[in-house]
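Enquirer:
Protein chains: 2
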Amino acid sequence: MLISILTFQGFNELDSLIALGILNRIKKPNWYVNICCPEVSVTSMNGVTIMAQSRLENIEKSDAVIVGSGILTRDIVKNPEIMGMLKLDPAKQLIAAQCSGTLILAKLGLLGNVPACTDLTTKPWVQEAGIEVLNEPFFAENNIATAGGCFSSQYLSAWIIAKTEGVQAASEALHYVAPVGEKEEYVERAMRNIKKYIF
Amino acid sequence: MLISILTFQGFNELDSLIALGILNRIKKPNWYVNICCPEVSVTSMNGVTIMAQSRLENIEKSDAVIVGSGILTRDIVKNPEIMGMLKLDPAKQLIAAQCSGTLILAKLGLLGNVPACTDLTTKPWVQEAGIEVLNEPFFAENNIATAGGCFSSQYLSAWIIAKTEGVQAASEALHYVAPVGEKEEYVERAMRNIKKYIF
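Residue numbers (my numbering), protein chains in the order written: chain A, 1 to 199; chain B, 1001 to 1199.
#1: Quick one: grab the DSSP three-state call for Ala141(A).
#2: Using the three-state DSSP reduction, which class does Ile993(B) fall into: helix, strand or coil?
#3: Just to check my reading of the structure: Asn12(A) and Ser69(A) have Cβ atoms closer than 8 Å, yes? What is that Cβ distance to the nearest angstrom?
#4: Find the nearest neighbour of Ser54(A) within the set Gly149(A), Leu108(A), Thr7(A), Gly84(A), judged by alpha-carbon distance.
#5: Just grab the DSSP bridge partners of Ser4(A) for me.
#6: Going by Cα to Cα distance, which pick from Phe1151(B), Gln1009(B), Thr1146(B) is closest to Ala1106(B)?
#7: Between the C-alpha atoms of Leu86(A) and Glu60(A), what's the straight-line distance to the nearest angstrom?
#8: Taking DSSP's pairing of strands, which residues face Ser41(A) in a bridge?
#9: Could you check which residue in Val114(A), Glu81(A), Ile198(A), Ile161(A) has the C-alpha nearest to that of Ile26(A)?
#10: At a CB-CB cut-off below 7 Å, which residues of chain A make contact with Tyr1197(B)?
#11: Looking only at C-alpha atoms, which of Ile3(A), Thr121(A), Lys196(A) sits nearest to Tyr1176(B)?
#12: Might you give, ordered along the chain, the residues of its own chain that have their beta carbon closer than 8 Å to the beta carbon of Ala1116(B), omitting 5 neighbours on each side?
#13: Among the candidates Met1051(B), Ile1003(B), Ser1041(B), Gln1009(B), whose CA atom is the shortest distance from the CA of Thr43(A)?
#14: Starting from the C-beta of Ala169(A), find all residues in its chain whose C-beta is less than 6 Å away, skip the five residues before and the five after it, and write them out in chain order.
#15: Residue ranges of each alpha helix (DSSP H) run of no fewer than 4 residues wholly in the stretch 60-117 of chain A, ordered along the chain?
#16: Give the secondary structure of Ala169(A) by DSSP, where H, G and I count as helix, E and B as strand, and everything else as coil.
#17: Which of helix, strand or coil does DSSP assign to Phe1151(B)?
#18: Does Asn113(A) come within less than 8 Å of chain B when only Cβ atoms are used?
#19: How long is the line joining the alpha carbons of Ile1022(B) and Leu108(A), rounded to whole angstroms?
#20: How would you write the range of the alpha helix (DSSP H) that Gln1127(B) sits in, first residue to last?
#21: Taking buried to mean at least 16 other C-beta atoms within 10 Å of its own C-beta, is Arg192(A) buried or exposed?
#22: Checking contacts by CB at 8 Å: is Ser152(A) closer than that to chain B?
#23: Specify the secondary structure class of Val187(A) as computed by DSSP and reduced to three states.
#24: Val1065(B) and Ser1004(B) look like a contact to me (Cβ under 8 Å); what is the Cβ gap, rounded to whole Å?
#25: Have a look at Leu1072(B) and Asn1079(B) and give me their C-alpha separation to the nearest angstrom.
#26: With C-beta atoms as the reference, is Pro90(A) less than 8 Å away from Asn143(A)?
#27: Can you tell me whether DSSP reads Val1180(B) as helix, strand or coil?
#28: Along the stretch 45-67 of chain A, what residues have a CB closer than 9 Å to any CB found in chain B?
#29: Quick one, which of Gly1181(B), Val1187(B), Thr1164(B), Cys1037(B) has its alpha-carbon nearest Ala1173(B)'s?
#30: Taking the DSSP output, what are the residues bridged to Thr1146(B)?
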């Protein structure tokens, strides 16, 4: 299982790295999670530079792709070079978009008539692209999921784990990262958000 | 306000970067948040390399310090060179420790007889250092706070903002990062966790 987390210049740290941390709770030899970037390094919306673990060429062979979020997404969707490299195929891949990542899926024509989740700032841009935006943290249909609000990246990650490794594995991954003393509450809420979209 | 987030080799991505994202919600000219490392770059427990934004020399002049967590903390507390550079002073600084960061505060002798929070893995090591570990996500006394479980880094960050910029500013920062459709629930729970420790 190769999971790529698309991370662009100006990225939101929470969106890419909460997902990375949770997905890496699966400790299996063929489970690979990587930060996938258009350049050798990217600098976040708050000035943190991280090194790419793979480049956009990696997307096509990924089993799951999370499209991360950031403050430059509206420029990215106007960049034909980057957009042309985002070879996503929901027939073969799990595709998940976080916050402004939903705008990328919309512009790629992957959402069709399916409603979606995004953050409050990106909402008007996704609506302008013709997509109904839900007042929900998470929504999925078949192999495409979207989430809104940084902390809902836990739901995207849990959905990918649940779809591939099962509900129990997703619960355990979430249990690990949840606050001490609130673990059951966190896991229960997350599973409530994703369970109806798993099968 | 200079806030340094201590981030070591083997760091937990969620612990350092959730805090960084939330603290950067304060948009004021004198509000600086930085990833502070013993080396020019550090690589996380899951192989993500980030560039330091400052070095350990920066700690002494910081107004607030978050001691991040990671898989190498038990080695770090045995490293006299690093431990000697952690010049923390709760009389002048807000000091916050996340998960295994609590072990560093314990070994520096900063916790005294005060109970603390940490993650479930680090718990026996903190207890061995003579500190009572609470089954709670967050605890603070005066200028020292500790948190347990990756997602409780939101409580550490909110505590720092509430202590310096007020409860309203902390609520707004949390509201931004919380999942769409669950924002009130997230903010209410966070404020319930920190409010009694603010004044």
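Just so it is clear, CB atoms sit at the ideal spot from N, CA and C, and this is done for glycine as well.
Expert: According to the structure data:
#1: Residue 141(A) sits at position 141 when you count from the first residue of the first sequence. It is Glu, not Ala, that sits at residue 141(A) in the sequence shown. Three-state DSSP puts Glu141(A) in a strand.
#2: The first residue shown for chain B is 1001 and the last is 1199, placing residue 993(B) beyond what the model contains.
#3: Translated into positions along the first sequence, residue 12(A) becomes position 12. Translated into positions along the first sequence, residue 69(A) becomes position 69. Confirmed, about 5 Å.
#4: Here residue 54(A) refers to the residue found at position 54 of the first sequence. That would be Thr7(A), whose Cα lies nearest to the Cα of Ser54(A).
#5: Taking the first residue of the first sequence as position 1, residue 4(A) is located at position 4. In the DSSP output, where bridge partners are listed per residue, Ser4(A) has Asn34(A), Val65(A).
#6: As a position in the second sequence, residue 1106(B) is number 106, starting the count at 1. With distances taken between Cα atoms, Ala1106(B) lies closest to Thr1146(B).
#7: On the first sequence, residue 86(A) is found 86 positions in, with the first residue counted as 1. On the first sequence, residue 60(A) is found 60 positions in, with the first residue counted as 1. Rounded to the nearest angstrom, the gap between the Cα atoms of Leu86(A) and Glu60(A) is 8 Å.
#8: Counted from its first residue, the first sequence places residue 41(A) at position 41. The secondary-structure analysis by DSSP pairs Ser41(A) across a beta bridge with Met51(A).
#9: Your numbering for residue 26(A) matches position 26 in the first sequence. Of the candidates Val114(A), Glu81(A), Ile198(A), Ile161(A), the residue whose Cα lies closest to the Cα of Ile26(A) is Ile161(A).
#10: Taking the second sequence and counting its residues from 1, the one referred to as residue 1197(B) is at position 197. Chain-order list of chain A residues neighbouring Tyr1197(B): empty, with the shortest C-beta distance near 15 Å, by a criterion of under 7 Å.
#11: Here the question's residue 1176(B) lines up with position 176 in the second sequence. Comparing Cα positions, the closest option is Thr121(A).
#12: In the second sequence, residue 1116(B) corresponds to position 116, counting from 1. Contacts found: Ala1097, Thr1102, Leu1105, Ala1106, Val1126, Ile1131, Glu1132, Val1133, Leu1134, Phe1139, Thr1146.
#13: Here residue 43(A) refers to the residue found at position 43 of the first sequence. Comparing Cα-Cα distances from Thr43(A) to each of Met1051(B), Ile1003(B), Ser1041(B), Gln1009(B), the minimum goes to Met1051(B).
#14: The sequence position of residue 169(A) within the first sequence is 169, counting from 1. Ile161.
#15: The qualifying runs are 73-76, 80-85, 101-107.
#16: Within the first sequence, residue 169(A) is the residue found at index 169, counting from 1. In this structure, Ala169(A) counts as helix in the three-state DSSP scheme.
#17: The residue given as residue 1151(B) occupies position 151 in the second sequence. In the structure shown, Phe1151(B) adopts helical secondary structure according to DSSP, grouped into three states.
#18: For the purposes of this step, residue 113(A) is taken as residue 113 along the first sequence, with counting starting at 1. Chain B contact via Cβ: absent.
#19: Counting from one through the second sequence, the residue named residue 1022(B) turns up at place 22. Counting from one through the first sequence, the residue named residue 108(A) turns up at place 108. Rounded to whole angstroms, Ile1022(B) to Leu108(A) spans 30 Å at the Cα level.
#20: Locating residue 1127(B) in the second sequence gives position 127, where the first residue counts as 1. For Gln1127(B), the enclosing alpha helix (DSSP H) stretches over residues 1123-1128.
#21: To locate residue 192(A), count along the first sequence from 1; it is residue 192. Its Cβ having fewer than 16 others within 10 Å, Arg192(A) is exposed.
#22: For the purposes of this step, residue 152(A) is identified with residue 152 of the first sequence, where counting begins at 1. Chain B, which has a Cβ nearer than 8 Å to the Cβ of Ser152(A), makes this yes.
#23: As a first step, residue 187(A) is located in the first sequence; it is residue number 187 there, counting from the start. Residue state for Val187(A) is assigned as helix, using DSSP reduced to three classes.
#24: Here residue 1065(B) corresponds to residue number 65 of the second sequence, with the count starting at 1. Here residue 1004(B) corresponds to residue number 4 of the second sequence, with the count starting at 1. Approximately 5 Å separates the beta-carbon atoms of Val1065(B) and Ser1004(B); this is inside 8 Å, confirming the contact.
#25: By one-based count along the second sequence, residue 1072(B) stands at place 72. By one-based count along the second sequence, residue 1079(B) stands at place 79. Between Leu1072(B) and Asn1079(B), the C-alpha separation is close to 11 Å.
#26: Your numbering for residue 90(A) matches position 90 in the first sequence. Your numbering for residue 143(A) matches position 143 in the first sequence. Taking 8 Å as the Cβ cut-off, Pro90(A) and Asn143(A) qualify as a contacting pair.
#27: Taking the second sequence and counting its residues from 1, the one referred to as residue 1180(B) is at position 180. Val1180(B): coil per DSSP, three-state reduction.
#28: Those would be Met45, Asn46, Gly47, Val48, Thr49, Ile50, Met51, Gln53, in chain order.
#29: As a first step, residue 1173(B) must be located in the second sequence, where it is residue number 173. Out of Gly1181(B), Val1187(B), Thr1164(B), Cys1037(B), Val1187(B) has the C-alpha closest to the C-alpha of Ala1173(B).
#30: Residue 1146(B) sits at position 146 when you count from the first residue of the second sequence. According to DSSP, which records beta bridges pairwise, Thr1146(B) is partnered with Ala1097(B), Phe1139(B).
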